[in-house]
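Student:
Numbering (our numbering), first residue to last: 2 to 155.
1. Please classify residue 150 as buried or exposed, where buried requires at least 16 neighbouring CB atoms within 10 angstroms.
2. Throw me the rounded Cβ distance for the residue 93 and residue 51 pair, which I believe falls under 8 Å.
3. Indicate whether the contact test is met: 3 or more Cβ pairs, each with one atom in the stretch 98 to 113 and one in the stretch 46 to 63, closer than 8 Å.
4. Judging by CA-CA distance, which residue of 138, 154, 26 is the nearest neighbour of residue 100?
5. Is residue 17 helix, strand or coil when you go by DSSP?
6. Which term fits residue 128, buried or exposed, when burial requires 16 or more other beta carbons within 10 angstroms of its beta carbon?
7. What do you reckon, are the CB atoms on residue 73 and residue 98 nearer than 8 Å?
8. Please classify residue 77: is it buried, with 16 or more other beta-carbons within 10 angstroms of its beta-carbon, or exposed?
9. Cutting at 6 Å between CB atoms, please list the residues of its own chain near residue 45, excluding the five before and the five after it.
10. Under three-state DSSP, which class holds residue 7?
11. If you draw a straight line from the C-alpha of residue 96 to the C-alpha of residue 122, how long is it?
12. Whose CA, out of 38, 54, 119, lies closest to the CA of residue 22?
13. Rounded to whole angstroms, what's the CA-CA distance from residue 119 to residue 20? Just pull it up for me.
Structure, rendered in structure tokens:
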């Protein structure tokens with residue numbers, strides 16, 4: 002089992018903190034862009050395998066808790082300041098937050114597909130059945146796996 006994760010561990014261990022900071026910055030720029038006109042995805046893909054650990058974490062866990070907290074606070078603020086009768090309900094707020102989580106995961110899938118290779122495929126395989134993987138992204142993971150050559154998922 003350790004042998005399966007050894008390349009990933011080596012990559013993480015060999016990535017210096019400054020480079021990892023640049024990778025993370027590029028990944029989060031891609032996750033948070035609105036119009037995405039500054040080639041954010043292409044910058045992430047250009048980092049190749051160095052971006053895979055962060056993308057894998059996003060695929061499995063979604064956005065960082067601080068990002069969810071910020072979106073939730075914004076939605077709560079909108080609910081409190083909306084004119085009477087037009088405030089979003091708690092169910093609407095919950096759907097918006099789930100949509101935000103799904104957007105992060107879908108973008109991670111897209112970047113992993115663009116990177117390709119053994120490590121990206123392994124990350125996609127992990128996202129296929131990992132705990133916390135939202136059911137709505139399952140077709141996107143399966144589609145990505147179909148386009149990234151490699152061994153079948155375990």
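Ideal placement from N, C-alpha and C gives every residue a C-beta, glycine not left out.
Tutor: Concretely, from the data shown:
1. exposed
2. About 38 Å; that fails the 8 Å criterion.
3. yes
4. If we check each option's Cα against that of residue 100, 138 comes out closest.
5. coil
6. buried
7. A contact, by the Cβ cut-off of 8 Å.
8. exposed
9. For residue 45, same chain residues with a beta-carbon under 6 Å away, outside a window of 5 residues either side, are 27, 28, 31, 52, 112 in chain order.
10. The predicted model places residue 7 with a pLDDT of 37, which falls under 50 and marks its position as unreliable; any figure quoted below should be read in that light. Looking at residue 7 - three-state DSSP - the assignment turns out to be helix.
11. 29 Å
12. 54
13. So the alpha carbons of these two residues sit roughly 21 Å apart.
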